[in-house]
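Residue 59 is where the sequence shown starts when you use my numbering, and the numbers rise one by one after that.
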Amino acid sequence: MSKSLKVTWIKSTIGYNKNQSKIMVALGFKKLNQTRILPDNESIRGSLFHVRHLVRVEEI
């Protein structure tokens, strides 16, 4: 079984760089406080690094 990340969007992107808002959409988020299960790979981790102040990440 491959590893996964449980990612919860906890802070709004208002007032931050527009690219960070686009990253959240690319990760599949639509609403604040939404939780997504994402695969644990370098691409996802790189995106999460840019928005680490907006999300909570837990390894599953």
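Even glycine gets a Cβ: it sits at the ideal position worked out from N, Cα and C.
Item: Enumerate in chain order the residues of its own chain whose CB-to-CB distance from G86 is below 7 Å, with the five nearest sequence positions on each side excluded.; Value: R94
Item: I need the DSSP call for N62, collapsed to helix, strand or coil.; Value: For clarity, residue 62 is Ser in the given sequence; the question names Asn instead. Strand.
Item: Out of V113, E117, I118, state which residue places its alpha-carbon closest to the alpha-carbon of Q39.; Value: Since the first and last residues shown for the chain are 59 and 118, residue 39 lies out of range.
Item: Please return the same chain residues whose Cβ sits closer than 7 Å to the Cβ of L90, not counting the five positions on each side in sequence.; Value: W67, S70
Item: Just to check my reading of the structure: K64 and D98 have Cβ atoms closer than 8 Å, yes? What is that Cβ distance to the nearest angstrom?; Value: No, K64 and D98 are not in contact; Cβ-Cβ is about 10 Å, not under 8 Å.
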